[in-house]
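The structure appears right after this line, and notes come after that.
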Amino acid sequence: GPKGVGKSSILHNVIRFFPGFTIISSGSVLQKVSQAQYGLNFVDLPREAKRVVRRTYTEGVMKETAHTLLDIHYGEFEDGGYPCVIPELLLPHITHFVLVMGNSEAILNRRSHDSKERRADRASVRLNVLGERIIFNELVARYNKENVIIHNKDMQASVQQLAQFIQKVVDQ
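So the sequence shown is numbered by our numbering: it starts at 10 and just counts up by one.
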């Protein structure tokens, strides 16, 4: 889902119901790999360097055991577009897709009050919301994976909805 929609907060609340599950915060891992390989923040890297960092990240993620929840964005602003940024190598290993969506005004408010450097203008929020939805729909169609869309209007309800989805997957 878009930056500031509450993905990380939902995951950190839901994980307590699933001992043995882990969360990989893609942004944190990408930042650590970027610093280690280039000595720069991930967002400051040129496109090709970002691809190298994402490949290193993917190789690490693929070594993880089952029951891993990826806290990840489907796309990012790049050269006037919004391409999918999940590495091709990783996509076939993702078993289910979850999209967390929210009201643009709520996302804008969240972005303007957090410590992360995020674009906090209405146009970028709308583009981020739209881009995430389009890429999610394309990936679900392309890979035919079970999925759920969570509209984060209320944190507890969103946590409950994701917990129910995960439990259904675990019970299969």
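For glycine and all other residues, C-beta sits at the position ideal for the given N, C-alpha and C.
Remark: fewer than three beta-carbon pairs, one from each stretch, lie closer than 8 Å, so the region 87-96 and the region 152-167 are not flagged as touching. In the three-state reduction of the DSSP assignment, residue 98 falls in the coil class.
Taking residue 71 as the centre and dropping the five residues before and after it, the same chain places the C-beta of 98, 99 and 102 closer than 8 Å to its C-beta, in chain order. Contact between residue 129 and residue 120 holds, since their C-beta atoms are separated by about 4 Å, short of 8 Å. Between the region 43-51 and the region 166-176 there are fewer than three C-beta pairs closer than 8 Å, too few to call the two in contact. Between residue 73 and residue 116, the CB-CB gap reaches or exceeds 9 Å. For the options 27, 28, 29 and 37, the alpha carbon positioned closest to that of residue 17 is the one of 37. Listed in chain order, the non-local C-beta contacts of residue 58 below 7 Å within the same chain comprise 47, local neighbours out to five positions each way being set aside. Of 75, 77, 68 and 159, the smallest CA-CA separation from residue 108 is found for 159.
A check of alpha carbon separations from residue 14 across 172, 31, 122 and 62 identifies 122 as the nearest.
The alpha carbon of residue 164 has as its nearest neighbour, out of 31, 35 and 110, the alpha carbon of 110.
If you draw a straight line from the Cα of residue 113 to the Cα of residue 161, it comes to about 11 Å.
A straight-line Cα-Cα distance of about 19 Å links residue 84 and residue 41.
For residue 108, the uninterrupted beta strand (DSSP E) run begins and ends at 105-110, by DSSP. When beta bridges are read from the DSSP output, residue 31 appears opposite 77. Taken in chain order, the unbroken stretches of alpha helix (DSSP H) that lie wholly in the region 114-165 and span 4 residues or more are 131-152. Burial state of residue 139 is exposed, judged by a 10 Å Cβ sphere holding fewer than 16 other Cβ atoms.
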